[in-house]
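Trainee: The structure is given below, and queries will be raised subsequently.
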Amino acid sequence: MTSHHSNQEADKRRFATKLLHYNNAVDEQTGASSTPVFQASTFHHHDIHNPPEFDYSRSGNPTREALEQYIALLEGGHRGFAFASGMAAISTAFMLLSAGDHVIVTEDVYGGTYRLLTTILSRMNIETTFVDMTRFDEVKAALKPNTKAVFMETPSNPTLKITDIALTAAWAKDNGLLTMLDNTFMTPYHQRPIEWGVDIVLHSATKFLGGHSDVLAGLAVAADAETGKRLKYLQNGLGNVLAPQESWLLMRGMKTLQARMEQSERSARKLADWLVRHPQVTRVYYPGLDDHPGREIHERQSAGYGAVVSFDVGSGERAKALLNGVQLPLVAVSLGAVESILSYPVMMSHAAMPREVRLERGITDGLVRYSVGLEDIEDLLEDLDQALHGLE
Numbered sequence: 003m004t005s006h007h008s009n010q011e012a013d014k015r016r017f018a019t020k021l022l023h024y025n026n027a028v029d030e031q032t033g034a035s036s037t038p039v040f041q042a043s044t045f046h047h048h049d050i051h052n053p054p055e056f057d058y059s060r061s062g063n064p065t066r067e068a069l070e071q072y073i074a075l076l077e078g079g080h081r082g083f084a085f086a087s088g089m090a091a092i093s094t095a096f097m098l099l100s101a102g103d104h105v106i107v108t109e110d111v112y113g114g115t116y117r118l119l120t121t122i123l124s125r126m127n128i129e130t131t132f133v134d135m136t137r138f139d140e141v142k143a144a145l146k147p148n149t150k151a152v153f154m155e156t157p158s159n160p161t162l163k164i165t166d167i168a169l170t171a172a173w174a175k176d177n178g179l180l181t182m183l184d185n186t187f188m189t190p191y192h193q194r195p196i197e198w199g200v201d202i203v204l205h206s207a208t209k210f211l212g213g214h215s216d217v218l219a220g221l222a223v224a225a226d227a228e229t230g231k232r233l234k235y236l237q238n239g240l241g242n243v244l245a246p247q248e249s250w251l252l253m254r255g256m257k258t259l260q261a262r263m264e265q266s267e268r269s270a271r272k273l274a275d276w277l278v279r280h281p282q283v284t285r286v287y288y289p290g291l292d293d294h295p296g297r298e299i300h301e302r303q304s305a306g307y308g309a310v311v312s313f314d315v316g317s318g319e320r321a322k323a324l325l326n327g328v329q330l331p332l333v334a335v336s337l338g339a340v341e342s343i344l345s346y347p348v349m350m351s352h353a354a355m356p357r358e359v360r361l362e363r364g365i366t367d368g369l370v371r372y373s374v375g376l377e378d379i380e381d382l383l384e385d386l387d388q389a390l391h392g393l394e
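Numbering (the numbering used here), first residue to last: 3 to 394.
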């Protein structure tokens with residue numbers, strides 16, 4: 003598939019420009035202002051001696067490839083891959099491991115990743131040690147003779163703990179370990195882990211990248227050609243690819259990423275400051291707060307604080323009353339959309355995690371997670387205020 007301009011040219015441009023001017027953003031054949039949706043499962047061989055670039059959509063589809071080149075450009079990686087969901091992307095990355103291998107993982111990782119590691123990969127004899135990655139000594143202490151990879155999530159979900167990416171990636175490299183990082187919360191607009199030495203960056207693109215609560219998708223970016231080759235083999239072998247229509251929808255959503263992230267983050271900062279002063283709130287988690295542990299490290303490796311604020315209202319009963327009392331945010335699973343979403347990790351994102359494990363990680367029964375959308379922040383605050391006062 004020919005391109006309007008090369009990714010080499012686009013690499014030199016600033017982020018906001020890259021979001022709009024990437025490979026195949028304009029169709030070379032027709033001049034169409036968006037990548038065509040190639041709704042085809044297979045492709046004709048005009049000359050059997052010279053196979054075409056695309057032969058079967060599981061192995062490669064022009065619409066999906068445009069998206070894959072797009073995310074590779076944004077993350078500054080060698081090669082991108084699009085999957086049917088964030089968990090499909092994460093599962094595929096973990097398939098680089100073999101039976102008998104060991105992986106070190108952020109302890110308060112997304113519940114779906116925890117479930118994959120503890121109930122599925124454990125059956126394949128892949129072993130996991132969960133550590134508090136804010137304590138680098140714990141990361142180093144978890145190293146075993148069969149350790150093969152380190153999986154980071156920073157900021158973590160939902161308590162927004164910060165891992166020092168450069169420090170962890172350098173140590174992993176010294177020990178011959180593969181590094182993977184879930185960059186869903188920050189997106190490449192705020193944080194580009196490959197620039198800090200990470201091998202594979204992963205996204206639930208359902209969230210901020212898609213941005214509109216209308217597409218389920220996962221993305222992975224490999225930092226180098228060899229890792230990219232191995233991931234391509236797995237993507238083709240497992241077949242958990244993103245369909246052309248969803249690929250197109252995701253590209254459409256990604257074009258407004260910077261504008262959406264900037265607006266949502268402005269509002270999230272106001273929300274976090276407001277919650278700190280609210281008498282009905284016992285604790286607030288947000289990397290932009292002065293007293294957030296790891297704020298200094300986060301500011302070194304990220305260009306912003308993101309749009310997710312978690313806070314504790316003291317008990318499960320109060321949390322449920324709050325969820326029933328708000329009128330504006332969606333009360334739902336997920337985050338990163340144009341509309342605000344209020345989630346209850348205990349029953350939603352981290353339901354797969356046993357209660358005692360959750361509590362060890364600070365995921366209490368009173369904890370809620372607010373993903374700030376594009377509504378007027380004053381309306382969101384007034385709505386939250388009336389719901390919080392209902393807890394008195």
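Cβ coordinates follow ideal geometry from the N, Cα and C atoms, glycine included.
If you're wondering where the values come from, they're calculated on a predicted model, not measured in any experiment.
In chain order, what residues of the same chain have a beta carbon less than 7 Å from the beta carbon of residue 174, not counting five sequence neighbours either side?
Mentor: Closer than 7 Å at Cβ, skipping near neighbours: 152 and 181.
Trainee: Please determine, among 58, 383 and 191, the residue with the shortest C-alpha to C-alpha distance to residue 75.
Mentor: Looking at the Cα atoms, 191 is the closest of the given residues.
Trainee: How would you call residue 227, buried or exposed, if buried means at least 16 neighbouring beta carbons within 10 angstroms?
Mentor: Per the 10 Å Cβ criterion, exposed.
Trainee: So for residue 278, helix, strand or coil by DSSP?
Mentor: Of the three classes helix, strand and coil, the one that applies to residue 278 here is helix, per DSSP.
Trainee: Which residue or residues does DSSP assign as beta-bridge partners of residue 154?
Mentor: In the DSSP output, where bridge partners are listed per residue, residue 154 has 183.
Trainee: Nearest-angstrom Cα distance between residue 237 and residue 362?
Mentor: Going from the Cα of residue 237 to the Cα of residue 362 covers about 35 Å.
Trainee: Distance check for residue 33 and residue 386, CA to CA, integer angstroms please.
Mentor: For residue 386 and residue 33, the distance between alpha carbons rounds to 47 Å.
Trainee: Could you tell me the boundaries of the alpha helix (DSSP H) in which residue 114 lies?
Mentor: 113 to 117 is the span of the alpha helix (DSSP H), which, as asked, contains residue 114.
Trainee: Should the segment 118 to 132 be called in touch with the segment 99 to 107, which here means at least 3 C-beta pairs below 8 Å?
Mentor: Contact holds: three or more Cβ-Cβ distances are below 8 Å.
Trainee: Can you look up residue 244 in the DSSP assignment and give me helix, strand or coil?
Mentor: If DSSP states are grouped into helix, strand and coil, residue 244 belongs with coil.
Trainee: Using a Cβ-Cβ cutoff of less than 8 Å, which residues in the same chain neighbour residue 105 once the five nearest sequence positions on both sides are dropped?
Mentor: Only 96, 99, 119, 128, 129, 130, 131, 149, 150, 151, 152 and 153 meet the Cβ criterion.
Trainee: Could you tell me which whole beta strand (DSSP E) segments of length 3 or greater appear in the segment 184 to 228?
Mentor: Counting only runs of 3 or more, we get 202 to 206 and 220 to 224.
Trainee: Taking the alpha helix (DSSP H) that residue 109 belongs to, which residues open and close that run?
Mentor: Per DSSP, residue 109 belongs to no alpha helix (DSSP H) and is neither H nor E.
Trainee: Taking contact to mean at least 3 C-beta pairs separated by less than 8 Å, is the segment 56 to 65 in contact with the segment 199 to 217?
Mentor: Because the criterion of three Cβ pairs below 8 Å is not met, the segment 56 to 65 and the segment 199 to 217 do not touch.
Trainee: Once DSSP output is grouped into helix, strand and coil, what is the label at residue 93?
Mentor: It is helical.
Trainee: Run through the DSSP bridge pairs and tell me what residue 333 is partnered with.
Mentor: DSSP output for residue 333 lists 344 as bridge partner(s).
Trainee: Please report the distance separating the alpha-carbon of residue 377 from that of residue 17.
Mentor: Cα to Cα, residue 377 sits roughly 24 Å from residue 17.
Trainee: Given this structure, state the Cα-to-Cα distance separating residue 195 from residue 169, to the nearest angstrom.
Mentor: Going by the C-alpha atoms only, they are around 12 Å apart.
Trainee: Which two residues bound the contiguous beta strand (DSSP E) that contains residue 1?
Mentor: Residue 1 lies beyond the residue range present for the chain, which begins at 3 and ends at 394; the question has no answer from this structure.
Trainee: Which residues in the same chain have their Cβ closer than 6 Å to the Cβ of residue 364, if we skip the five residues on either side of it in sequence?
Mentor: Correct list, in chain order: 161.
Trainee: Under 8 Å, do residue 167 and residue 157 count as touching if we go by C-beta distance?
Mentor: No. Outside cutoff.
Trainee: Using CA coordinates, which residue listed in 92, 11, 110 and 328 is at the minimum distance from residue 353?
Mentor: The shortest Cα separation from residue 353 among 92, 11, 110 and 328 belongs to 110.
Trainee: Given 8 Å as the limit, is there contact between the segment 211 to 220 and the segment 243 to 252, that is, 3 or more CB pairs closer than that?
Mentor: They touch, by the three-pair rule.
Trainee: Would the beta-carbon of residue 289 fall within 8 Å of that of residue 300?
Mentor: Yes, these two residues count as a Cβ contact at 8 Å.
Trainee: Whose C-beta lies closer than 6 Å to the C-beta of residue 146 among residues of the same chain, with five residues either side of it excluded?
Mentor: If we look at residue 146 and ignore the five residues flanking it on each side, its Cβ neighbours are 104.
Trainee: Looking at the unbroken alpha helix (DSSP H) that takes in residue 82, where does it start and where does it end?
Mentor: Unbroken run through residue 82 is the beta strand (DSSP E), 81 to 85; no alpha helix (DSSP H).
Trainee: For the beta strand (DSSP E) that residue 138 lies in, which residues bound it at each end?
Mentor: Looking at the DSSP string, residue 138 is not in any beta strand (DSSP E); the run it does join, the alpha helix (DSSP H), is 138 to 143.
Trainee: Cβ of residue 370 within 8 Å of Cβ of residue 321?
Mentor: Their beta carbons are under 8 Å apart, which means residue 370 touches residue 321 by this criterion.
Trainee: For residue 327 versus residue 389, is the C-beta distance shorter than 8 Å?
Mentor: Contact: yes.
Trainee: Specify, as a first and last residue, the run of the alpha helix (DSSP H) that residue 297 falls within.
Mentor: Unbroken alpha helix (DSSP H) run through residue 297: 297 to 303.
Trainee: To the nearest whole angstrom, what separates the beta carbons of residue 69 and residue 259, a pair I think is in contact under 8 Å?
Mentor: Between residue 259 and residue 69 the Cβ distance is about 13 Å, and since that is not below 8 Å, they are no contact.
Trainee: For the alpha helix (DSSP H) containing residue 284, list its first residue and its last residue.
Mentor: Run containing residue 284: none; DSSP gives neither H nor E here.
Trainee: If we count the other Cβ atoms within 10 Å of its Cβ and call it buried at 16 or more, is residue 231 buried or exposed?
Mentor: Under this definition residue 231 is an exposed residue.
Trainee: Go ahead and label residue 178 buried or exposed: buried means 16 or more other beta carbons lie within 10 angstroms of its beta carbon, across all protein chains shown.
Mentor: Flag for residue 178 reads exposed.
Trainee: Please classify residue 53: is it buried, with 16 or more other beta-carbons within 10 angstroms of its beta-carbon, or exposed?
Mentor: Result: exposed.
Trainee: Residue 329 to residue 271, Cα distance in whole Å?
Mentor: In a straight line, the C-alpha of residue 329 is about 21 Å away from that of residue 271.
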